[in-house]
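**Q**
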Amino acid sequence: MVTEPIKPEETINRSLADLGRLRRFTGSPSEFWPTFLAAAATLAQAAKGALILRDPNQPETWKKLGDWSSNGHADRSIVTFTRALGEIAERCSKEGNFVQVIENSATPTLKHFAVAVRLQLNKPEELCVAAFLLLNVTEQQAGEALVRLRLVSDTPFSYLLNFASNQAKADVEKFAASLDVMVLLNSEKRFLAAALAFCNALATRYNCDRVSLGWLENGYIRLRAISRTERFDRNMAAVKALETAMEESFDQDDEILWPAAEGASVVSRDHEAFAREQGAGHLCSLPVRLEGKPLAVLTCERQGRHFTVSELQQIRLCCDQAARRLSDLKREDRWWGARLATAAREKLAQHLGPEHTWAKVLAITIVLVLAILFFVPFNYRVEGKFILRSDDVSFLTGPFDGYINEVLVRPGDQVNSNGVLLKLDTDDLMLEQAAALADQTRYLREAQKAEVTKALAEKQIALALADQSKARLDLVQHRLDQASIRTPFKGVVVEGDLRERIGAPVKQGEALFKVARMDSLYVEAEVNQRDIHEILGTSKGEIAFVTQPRLKFPVGIERIEPAAFPKEGENVFIVRCALTKAPESWWHPGMSGLVKLEAGKRTLFWILTHRTVDFLRLFLWW
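If you count the sequence shown from 1, you need to add 3 to reach the working numbering.
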């Protein structure tokens with residue numbers, strides 16, 4: 004069966020599809036660049052292609068990042084093109100994208116062209132140029148190839164951004180594992196319980212048959228915890244062999260893997276002996292360091308498969324995070340209450356006499372407490388919940404139907420006036436712009452031809468079509484200008500987490516972001532009706548956020564709403580408070596917390612009992 008030759012249009016469409024997939028490519032850069040170069044060369048219908056990168060430390064030095072060539076072309080043109088790569092890259096860095104003649108062809112109307120485009124990378128200081136050799140083409144064909152290459156010049160930027168995002172997610176996952184372990188450790192109050200929880204967590208997370216922790220005591224490593232084992236006999240031969248293997252890692256202050264890799268510089272004889280005795284497939288021992296000094300050793304045992312580099316990094320991070328907590332628990336894991344009580348009793352006996360010391364202390368304490376309750380005034384403050392709000396909020400919507408190309412912000416980010424929040428995909432618009440421009444040029448040429456031939460009717464039709472193409476071109480340009488969603492003022496992004504919607508469609512008028520002005524923040528407090536009479540319009544107070552309860556910020560009452568509204572079975576009043584200091588950089592509208600407003604001075608007894616007294620007065624009507 005005879006196969007039909009592939010049409011150039013089909014080749015271009017396939018190349019565009021391949022380059023579109025490369026934007027979301029998840030492989031390594033060593034896999035991406037050859038694939039991108041081959042697809043771009045096919046898109047340009049080139050015989051030769053090369054990627055040239057300028058060293059940011061040596062601006063005058065260019066190095067070849069990749070090379071591609073097709074078969075069946077003359078060697079002389081390729082040699083000429085290869086020799087001129089440095090000049091092409093330098094010209095592209097100064098002038099931008101361009102087309103230039105390399106050699107004349109045998110046909111007068113056809114020539115050999117070099118096409119160069121500047122590629123967008125994620126680092127502005129880096130400059131990469133893609134250069135291609137086109138054989139036996141017209142100048143128009145070379146220009147069309149340049150237009151196609153410009154449309155895909157941002158593909159490396161999209162890939163590098165996606166690659167960096169994936170690397171960041173992997174790092175976050177590693178850190179999350181250590182945080183989970185720290186949560187378990189912080190929930191334990193005794194050292195042995197914390198050590199056992201630590202070993203159990205690592206054994207479960209990394210599919211280990213056994214995880215053991217040995218601690219430095221009197222110059223030797225002593226086994227303190229074994230995963231999934233509450234008790235063990237320290238005199239067992241297996242325990243002694245494990246401690247010896249741990250000391251091997253501790254003495255060298257280095258990680259030991261068994262089976263050892265070829266060329267390993269660490270000694271692993273004790274690990275080998277322990278593994279053969281216990282039938283362990285793979286061992287890993289890591290020193291647990293605190294401030295650079297080893298204080299313990301963690302040993303992991305597993306059958307099946309070896310420990311990967313990523314797993315070792317995660318286990319190492321867990322050990323580094325847990326070292327401080329385990330050390331503190333080890334130091335504090337002893338009973339000190341009895342010693343403290345005895346010392347206090349002896350000290351008081353020196354001043355109060357040896358007889359009935361605790362009774363005397365109790366009596367004095369009661370008198371002092373009663374005096375403080377009834378006679379010492381304290382600042383009384385009315386308590387309520389608050390929400391941070393803004394008077395100026397703007398909703399940003401989609402200007403037209405399109406697809407999300409790049410998201411530059413997320414909720415909580417501060418933005419400047421006219422700052423770019425989101426960019427819509429403009430590939431289709433650029434194609435439409437090129438088509439409209441081509442139509443306009445064609446109609447203008449037809450009008451000129453009609454004018455020469457005195458065909459006035461055809462001239463008017465051509466001019467009308469040219470005006471129509473210009474209107475379409477202006478519309479496309481207007482949408483290109485609107486493709487970048489900008490904020491109208493300086494503020495903070497309140498709503499609009501669109502990072503996971505890259506490539507998703509957007510409808511015209513769809514709400515994308517909610518931006519609030521930071522300089523118009525105020526506090527909206529809720530005060531119960533039973534306390535509203537205690538505060539005045541001139542009262543001051545303080546607020547504390549849920550996220551930062553240790554920090555207090557002063558506020559002043561501006562207005563009390565005259566009407567109450569029901570909430571959670573009680574009536575509350577809205578109290579608007581103004582900030583007396585400039586907002587902090589981490590404040591965002593919608594944050595909540597607790598507000599306390601000054602209500603004069605009261606005795607501690609009144610503060611503790613006035614609600615009960617008020618209830619009894621209403622209940623008993625006295």
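Every residue, glycine too, gets a C-beta built ideally from N, C-alpha and C.
Given a cut-off of 8 Å, decide if Leu515 and Thr400 are closer than it, judged by their beta-carbon atoms.
**A** For the purposes of this step, residue 400 is taken as residue 397 along the sequence shown, with counting starting at 1. For the purposes of this step, residue 515 is taken as residue 512 along the sequence shown, with counting starting at 1. Yes.
**Q** Only counting the same chain, and skipping five residues up and downstream in sequence, which positions put a Cβ closer than 7 Å to that of Ala453?
**A** To locate residue 453, count along the sequence shown from 1; it is residue 450. Taken in chain order, the residues that qualify are Glu461, Lys462, Ala465.
**Q** For Ala171, which beta-bridge partners are listed by DSSP?
**A** Locating residue 171 in the sequence shown gives position 168, where the first residue counts as 1. Answer is none; Ala171 lacks a bridge partner.
**Q** Hey, out of Leu195, Leu219, Asn169, whose CA is closest to Ile229's CA?
**A** Along the sequence shown, read from residue 1 onward, the residue named residue 229 stands at position 226. With distances taken between Cα atoms, Ile229 lies closest to Leu195.
**Q** Apart from the five residues on each side of it in sequence, which residues of its chain come closer than 7 Å, Cβ to Cβ, to Leu182?
**A** By 1-based counting over the sequence shown, the position of residue 182 is 179. Excluding sequence neighbours, Leu182 sits near nothing in its chain.
**Q** Tell me the DSSP secondary structure of Thr314 in three-state form.
**A** Position 311 of the sequence shown, counting from 1, holds the residue named residue 314. For clarity, residue 314 is Glu in the given sequence; the question names Thr instead. Reduced to three states, the DSSP call for Glu314 is helix.
**Q** Would you call the segment 533 to 549 and the segment 593 to 602 touching, i.e. three or more CB-CB distances under 8 Å?
**A** These segments touch.
**Q** If you drop the 5 nearest sequence neighbours on each side, which residues of the same chain put their C-beta closer than 8 Å to that of Asn169?
**A** Here residue 169 refers to the residue found at position 166 of the sequence shown. Cβ neighbours of Asn169 beyond the five flanking positions: Thr29.
**Q** Tell me whether Cys287 sits in a helix, a strand or coil according to DSSP, three-state version.
**A** If you number the sequence shown from 1, residue 287 lands on position 284. Of the three classes helix, strand and coil, the one that applies to Cys287 here is strand, per DSSP.
**Q** Mapping DSSP to helix, strand and coil, what is Thr456?
**A** Position 453 of the sequence shown, counted from the first residue, corresponds to residue 456. Here Thr456 sits in coil by DSSP.
**Q** From Arg327 to Trp36, what does the alpha carbon distance come to, in whole angstroms?
**A** Position 324 of the sequence shown holds residue 327. Position 33 of the sequence shown holds residue 36. Near 45 Å, if we compare the C-alpha coordinates of Trp36 and Arg327.
**Q** Report the rounded CA-to-CA distance for Pro262 versus His285, giving the unit in angstroms.
**A** For the purposes of this step, residue 262 is taken as residue 259 along the sequence shown, with counting starting at 1. For the purposes of this step, residue 285 is taken as residue 282 along the sequence shown, with counting starting at 1. C-alpha separation (whole angstroms): 6 Å.
**Q** When you compare each of Arg620, Leu188, Leu152 to Asn16 by their alpha carbons, which one comes out closest?
**A** On the sequence shown, position 13 is the one that residue 16 refers to. Ranking the options by Cα distance to Asn16, first place goes to Leu152.
**Q** So, for Ala49: in the same chain, excluding its five sequence neighbours on each side, which residues have a beta-carbon less than 6 Å away from its beta-carbon?
**A** To locate residue 49, count along the sequence shown from 1; it is residue 46. So the list reads Phe135, Leu136, Leu137, once near-sequence residues are dropped.
**Q** Sorted by chain position, which residues of the same chain lie with C-beta nearer than 7 Å to Glu601's C-beta, five sequence neighbours on each side aside?
**A** Here the question's residue 601 lines up with position 598 in the sequence shown. Around Glu601: Asn382, Arg384, Ser542, Lys543, Gly544.
**Q** Could you tell me which whole beta strand (DSSP E) segments of length 3 or greater appear in the segment 64 to 145?
**A** Those beta strand (DSSP E) runs which fall completely within the segment 64 to 145 and span 3+ residues are 101 to 107, 114 to 122, 130 to 140.
**Q** Drop a sphere of 10 angstroms on the beta-carbon of His536, count the other beta-carbons inside from all chains shown, and report buried for 16 or more, exposed for fewer.
**A** In the sequence shown, the residue the question calls residue 536 occupies position 533. With fewer than 16 other Cβ atoms within 10 Å, it is exposed.
**Q** In three-state terms, what does DSSP make of Glu513?
**A** Counted from its first residue, the sequence shown places residue 513 at position 510. If DSSP states are grouped into helix, strand and coil, Glu513 belongs with coil.
**Q** For Asn531, name the three-state secondary structure that DSSP assigns.
**A** In the sequence shown, counting from the first residue as 1, residue 531 sits at position 528. Of the three classes helix, strand and coil, the one that applies to Asn531 here is strand, per DSSP.
**Q** Using the rule of at least 16 other Cβ atoms within 10 Å of the residue's Cβ for burial, across every protein chain shown, is Glu304 buried or exposed?
**A** Within the sequence shown, residue 304 is the residue found at index 301, counting from 1. Looking at its Cβ environment, which holds 16 or more other Cβ atoms inside 10 Å, Glu304 is buried.
**Q** When burial is assigned at 16 or more other CB atoms within 10 Å of the CB, is Ala362 buried or exposed?
**A** Counting from 1 along the sequence shown, the entry for residue 362 is found at position 359. It is exposed - the Cβ of Ala362 has fewer than 16 other Cβ atoms within 10 Å.
**Q** Once you ignore the five residues that flank Phe101 on each side, which residues in its own chain have a CB closer than 7 Å to its CB?
**A** In the sequence shown, the residue the question calls residue 101 occupies position 98. These residues qualify, in order along the chain: Arg94, Cys95, Ala119.
**Q** So the alpha helix (DSSP H) Phe35 belongs to, where does it begin and stop?
**A** Taking the first residue of the sequence shown as 1, we reach residue 35 at position 32. Segment 32 to 47, the alpha helix (DSSP H) holding Phe35.
**Q** Please check the pair Lys517 and Glu498, which I expect to be a contact at CB under 8 Å, by giving their CB distance rounded to whole angstroms.
**A** As a first step, residue 517 is located in the sequence shown; it is residue number 514 there, counting from the start. As a first step, residue 498 is located in the sequence shown; it is residue number 495 there, counting from the start. About 4 Å separates the two Cβ atoms, so the contact holds.
**Q** Can you list, in chain order, the residues of its chain with a C-beta nearer than 6 Å to that of Leu199? Leave out the 5 residues immediately preceding and following it.
**A** Position 196 of the sequence shown holds residue 199. Ala228, listed in sequence order.
**Q** Taking Leu54 and Leu40 to be in contact with their CB atoms under 8 Å, please state how far apart those CB atoms are, rounded to whole angstroms.
**A** Sequence index remark: in the sequence shown, residue 54 carries index 51 (1-based). Sequence index remark: in the sequence shown, residue 40 carries index 37 (1-based). Indeed they touch by this definition, with Cβ atoms about 6 Å apart.
**Q** Quick one: what does DSSP say Pro159 is sitting in, helix, strand or coil?
**A** What you label residue 159 is simply residue 156 of the sequence shown in a count that begins at 1. In the structure shown, Pro159 sits in a helix (DSSP, three-state: H, G or I).
**Q** Between Ala206 and Leu187, which are expected to be in contact by the criterion C-beta below 8 Å, what is the C-beta distance as a whole number of angstroms?
**A** In the sequence shown, residue 206 corresponds to position 203, counting from 1. In the sequence shown, residue 187 corresponds to position 184, counting from 1. So it is not a contact: roughly 12 Å between Cβ atoms.
**Q** Between Leu373 and Leu365, what straight-line distance do the alpha-carbon atoms span, to the nearest angstrom?
**A** The sequence position of residue 373 within the sequence shown is 370, counting from 1. The sequence position of residue 365 within the sequence shown is 362, counting from 1. Using only the alpha carbons, I get a separation of about 12 Å.
**Q** Applying the criterion that 16 or more other CB atoms from any shown protein chain within 10 Å of the CB defines a buried residue, is Gly99 buried or exposed?
**A** Position 96 of the sequence shown, counting from 1, holds the residue named residue 99. Counting Cβ neighbours within 10 Å, Gly99 comes out exposed, since fewer than 16 surround it.
**Q** Could you give the C-beta distance for Phe492 and Ser420, rounded to a whole number, given that I count them as a contact under 8 Å?
**A** The residue given as residue 492 occupies position 489 in the sequence shown. The residue given as residue 420 occupies position 417 in the sequence shown. About 5 Å separates the two Cβ atoms, so the contact holds.
**Q** Quick one: Cα of Val270 to Cα of Glu251, how far?
**A** Sequence index remark: in the sequence shown, residue 270 carries index 267 (1-based). Sequence index remark: in the sequence shown, residue 251 carries index 248 (1-based). Rounded to whole angstroms, Val270 to Glu251 spans 8 Å at the Cα level.
**Q** What's the C-alpha gap between Arg605 and Leu371?
**A** Taking the sequence shown and counting its residues from 1, one reaches residue 605 at position 602. Taking the sequence shown and counting its residues from 1, one reaches residue 371 at position 368. Looking at the two C-alpha atoms, the distance is approximately 18 Å.
**Q** Please state the DSSP three-state secondary structure of Lys604.
**A** Mapped onto the sequence shown, residue 604 falls at position 601. Correct three-state label for Lys604: strand.
**Q** If you compare alpha carbons, which of Ser313, Thr368, Glu294 is closest to Ala325?
**A** Indexing the sequence shown from 1 puts residue 325 at position 322. Checked all of Ser313, Thr368, Glu294; the closest Cα to Ala325 is Glu294.
**Q** Mind the definition here: the segment 573 to 589 touches the segment 523 to 539 only if three or more C-beta pairs lie below 8 Å; say whether that holds.
**A** Output reads yes: the segment 523 to 539 touches the segment 573 to 589.
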